[in-house]
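Student: Take this structure first; my questions come after.
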Amino acid sequence: IVGLDIGTSKIVALVAEVTPEGRLNVIGMGSQESKGLKKGVVVNIEETVATISRVLQEVELMADCKVRDVYTGIAGSHIRSFNSNGMVAIKDKEVTPMDVERVIETA
């Protein structure tokens, strides 16, 4: 499990594994001073992406693993959200990734 925090002052990533008891054991951490962000807003996407890449490389080395999926949060006064609903007909009894895409489009 990889968590990524993109902050104005620094970007941090943690890698943890789930123990048989269901607890998280942190096995790697990477941190870099943020570049390309000002007051929580991306002002230079290239610098921000480069910093995130360096942090993920750091954490991969420390944890001896390849990062594929990342959980991250987004914060800031400029972030807005809204609720929406969507509905589509499903041909078979199993929901496919295409069904999910279609329902998101209708929402």
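Going by this note's numbering, the first residue of the sequence shown is number -15, and it counts up by one from there. From the three backbone atoms N, C-alpha and C, an ideal C-beta is built for every residue, glycine too.
#1: Are there 16 or more other CB atoms within 10 angstroms of the CB of G70, so buried, or fewer, so exposed?
#2: On the DSSP letters alone, give me the boundaries of the alpha helix (DSSP H) that M13 sits inside.
#3: On the three-state DSSP scale, how would you describe V43?
#4: Give the straight-line distance between the Cα atoms of V(-1) and L21, rounded to the nearest whole angstrom.
#5: Assuming I63 is part of the beta strand (DSSP E), what are its boundary residues?
#6: CA-CA distance, A34 and E1?
#7: What would DSSP say about A91, mapped onto helix, strand or coil?
Tutor: Put simply:
#1: exposed
#2: That residue, M13, is in no alpha helix (DSSP H); its beta strand (DSSP E) goes L8 to E17.
#3: helix
#4: 23 Å
#5: Taken as a continuous stretch (DSSP letters only), I63 belongs to no beta strand (DSSP E), as it is neither H nor E.
#6: 26 Å
#7: coil
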